[in-house]
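Chains as they are written, first to last, in my numbering: chain A, 1 to 254; chain B, 1001 to 1384. Down below is the structure, laid out as structure tokens.
Spelled out as structure tokens, the structure:
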């Protein structure tokens, strides 16, 4: 299929003797919200880390926009247009919210050490653009009032939003969201689903890893189910919800 | 921050420098300027280390080594006598370009050696190269491991300068000629040049501060701070963490080398004591007491503490004072003296006190942050 944006082909990864991921192949199509679900320890975050380049796979291949990106370093993956959020929010705690998002502009800007030290006019202009773009994104996510606040002073739910803003600032083609609903209450989760839909509608493809089914079933176009490092089912949410194997692992029946 | 607001402390310090010079000249105490000048060259090391440690979060216990490489390179190149090789075409050619010059040393002997400018540039290139070679394997290490590795590097440099005959072993290298920056401007430690050199040193420090401040507020500076605060997140946002850490390590070494090279011309000599680990520890202690990620704090502390040390105020406890500073800072204010949380607490009690006194009304706790932002006595919200 020509509209496949990201594809993993039989990825393998083990830690010590534990096989975290055993031959997982998934496809993410352009413009869709794809979810990867599964119980704790199913290998969801490992799969993410293999795609984002945090750890290299032992076997298998990752292709993005037809290009082989297996074992690329995270910064190179980010430059290609894959942004991510983390399961436990990883903000830059002592920087302001605005600065956090400004760091997100890094792969789309270029001023180096020398230009930075001399504060050349082009550097200054670029910095103004970075700031303007970051403010625009903050305004879009309703965070503009917190722009000058230190990131660690924000309540947890807002911190998660800042992480979204920071990832969006990299102008991603594909957004990897690692358990975005973890630790959020039901209202925040609802807002989050709306946000993810809004992001998708702007043409950014989303790959969501989620432990909790409700968010996934409401927003995703396609779901893959992992259990013990293997893909056990894949399809539209309605089909997945009725899949006996999925029901078995989720409800823990014999 | 607007660009001008960022520079006002530069103007303030420049003014203070002029006032201090006037005061010392009027009171006929210009000899103090010698130690201020030397402290300023040490401050260059501290500014570089502050970028590396305070902002990028990478410790180095080997910065005295880079200072020494800068200093020893200019000392060696400007004093090595090439008179025996004067007929070698290469030396002859360098002499025709004025890169090698003939001069008389203190004892009236003829010396044919490199002139200071090429020696200075060579010192920077050599320091940059060594920092790169050390940094490539070492900068991957984190925390204590990086500290230990750079400590090892510092020890090696110390033993090399102490053990190499051509570097003067325990005596170091003396008779280093003055450095003519411009025909009418020279780095020279003799008494008639005191005021001139006081200004040269301060100009260098303020230039270094402007470069460092610009860097900190730039795209690169944000990337460096992001590495310090969460390396994994920085990496995922496209920051090539390894390359940035390596680059700031080399840059920081270059700041130290400039300090070492200028100090050597100023003193007319350099000895192995400049390469000791105690010196490296001292630089780290100064960055810590200055507030870690606080360039102005680091610079002011560098001038102040080195000045006191050079005046002999600490006596035989010189190194012990810096050790004590490290212990005290780590125990009571790991964020640095200028960022001590207790000061914030005191300041906020003071603000609240004045608020109660004038308003005679308790602010409701729910809207406390809003209230304090609106209060005329606060300094602009939670960060005031």
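All C-beta atoms in this analysis are idealised placements derived from N, C-alpha and C, irrespective of residue type, glycine included. Quick caveat: nothing in here was measured; it's all calculated off a predicted structure.
Please check the pair residue i and residue j, which I expect to be a contact at CB under 8 angstroms, by giving their CB distance rounded to whole angstroms.
{"i": "residue 1212(B)", "j": "residue 1244(B)", "result": "Their Cβ separation, rounded to whole angstroms, is 16 angstroms, which puts residue 1212(B) and residue 1244(B) out of contact at 8 angstroms."}
{"i": "residue 1127(B)", "j": "residue 1016(B)", "result": "31 angstroms between Cβ atoms; not a contact."}
{"i": "residue 1061(B)", "j": "residue 1277(B)", "result": "7 angstroms"}
{"i": "residue 169(A)", "j": "residue 137(A)", "result": "6 angstroms"}
{"i": "residue 1398(B)", "j": "residue 1311(B)", "result": "Beyond the ends of chain B as shown, which are 1001 and 1384, falls residue 1398(B); an answer cannot be given."}
{"i": "residue 1216(B)", "j": "residue 1227(B)", "result": "The pair is not a contact, with the Cβ atoms about 13 angstroms apart (cut-off 8 angstroms)."}
{"i": "residue 90(A)", "j": "residue 209(A)", "result": "The Cβ separation is near 15 angstroms, so there is no contact."}
{"i": "residue 94(A)", "j": "residue 152(A)", "result": "7 angstroms"}
Pull the bridge partners of residue i from the DSSP assignment, please.
{"i": "residue 26(A)", "result": "8(A)"}
{"i": "residue 1104(B)", "result": "1110(B)"}
{"i": "residue 61(A)", "result": "9(A)"}
{"i": "residue 36(A)", "result": "209(A), 224(A)"}
{"i": "residue 14(A)", "result": "19(A)"}
{"i": "residue 1187(B)", "result": "1179(B)"}
{"i": "residue 123(A)", "result": "Answer by DSSP bridge pairing: none, since residue 123(A) is not bridged."}
{"i": "residue 96(A)", "result": "150(A)"}
{"i": "residue 1270(B)", "result": "1173(B)"}
Which of helix, strand or coil does DSSP assign to residue i?
{"i": "residue 160(A)", "result": "helix"}
{"i": "residue 75(A)", "result": "helix"}
{"i": "residue 1123(B)", "result": "helix"}
{"i": "residue 234(A)", "result": "strand"}
{"i": "residue 1044(B)", "result": "helix"}
{"i": "residue 1010(B)", "result": "helix"}
{"i": "residue 1179(B)", "result": "strand"}
{"i": "residue 243(A)", "result": "coil"}
{"i": "residue 226(A)", "result": "strand"}
{"i": "residue 184(A)", "result": "coil"}
{"i": "residue 210(A)", "result": "strand"}
{"i": "residue 221(A)", "result": "coil"}
{"i": "residue 1139(B)", "result": "coil"}
{"i": "residue 1235(B)", "result": "helix"}
{"i": "residue 178(A)", "result": "strand"}
{"i": "residue 256(A)", "result": "No information on residue 256(A) is available, as it lies outside the stretch 1 to 254 that chain A covers here."}
{"i": "residue 1069(B)", "result": "helix"}
{"i": "residue 204(A)", "result": "coil"}
{"i": "residue 110(A)", "result": "coil"}
{"i": "residue 55(A)", "result": "coil"}
{"i": "residue 67(A)", "result": "strand"}
{"i": "residue 88(A)", "result": "coil"}
{"i": "residue 1363(B)", "result": "Below a pLDDT of 50, predicted positions are generally treated as unreliable, and residue 1363(B), at 43, falls in that range; no measurement from the model is reported."}
{"i": "residue 155(A)", "result": "coil"}
{"i": "residue 194(A)", "result": "helix"}
{"i": "residue 1116(B)", "result": "helix"}
{"i": "residue 166(A)", "result": "helix"}
{"i": "residue 1328(B)", "result": "helix"}
{"i": "residue 1280(B)", "result": "helix"}
Cβ of residue i within 8 angstroms of Cβ of residue j?
{"i": "residue 62(A)", "j": "residue 51(A)", "result": "yes"}
{"i": "residue 97(A)", "j": "residue 143(A)", "result": "yes"}
{"i": "residue 178(A)", "j": "residue 39(A)", "result": "no"}
{"i": "residue 197(A)", "j": "residue 83(A)", "result": "no"}
{"i": "residue 1236(B)", "j": "residue 74(A)", "result": "yes"}
{"i": "residue 26(A)", "j": "residue 13(A)", "result": "no"}
{"i": "residue 1263(B)", "j": "residue 1010(B)", "result": "no"}
{"i": "residue 33(A)", "j": "residue 221(A)", "result": "yes"}
{"i": "residue 1321(B)", "j": "residue 1265(B)", "result": "no"}
{"i": "residue 1260(B)", "j": "residue 1068(B)", "result": "yes"}
{"i": "residue 1042(B)", "j": "residue 1302(B)", "result": "yes"}
{"i": "residue 1025(B)", "j": "residue 1307(B)", "result": "no"}
{"i": "residue 988(B)", "j": "residue 1123(B)", "result": "Because chain B in this structure spans residues 1001 to 1384, residue 988(B) falls outside the shown range and cannot be described."}
{"i": "residue 1288(B)", "j": "residue 1066(B)", "result": "no"}
{"i": "residue 1388(B)", "j": "residue 1064(B)", "result": "Lying before the first or after the last residue shown, residue 1388(B) is absent from chain B, which here runs from 1001 to 1384."}
{"i": "residue 77(A)", "j": "residue 53(A)", "result": "yes"}
{"i": "residue 183(A)", "j": "residue 156(A)", "result": "yes"}
Problem set entry | Three CB pairs or more closer than 8 angstroms across the segment 1076-1096 of chain B and the segment 1136-1144 of chain B | no
With a threshold of 8 angstroms, are at least 3 pairs of Cβ atoms found where one atom belongs to the segment 102-117 of chain A and the other to the segment 194-214 of chain A? no
Margin query: Assess contact between the segment 1181-1201 of chain B and the segment 1095-1109 of chain B, defined as three or more Cβ pairs (one per stretch) separated by less than 8 angstroms. Is contact present?
Written below: no
Requested in this report: Taking 8 angstroms as the threshold, find out whether the segment 1042-1051 of chain B comes into contact with the segment 1287-1295 of chain B through three or more Cβ pairs.
Outcome: yes
Requested in this report: Give a yes or no on contact between the segment 206-217 of chain A and the segment 25-44 of chain A, applying the rule of three or more CB pairs nearer than 8 angstroms.
Outcome: yes
Three Cβ pairs or more, each shorter than 8 angstroms: is that satisfied between the segment 1148-1166 of chain B and the segment 1269-1276 of chain B?
yes
| Stretch pair the segment 182-195 of chain A + the segment 127-135 of chain A: three plus CB contacts closer than 8 angstroms | no
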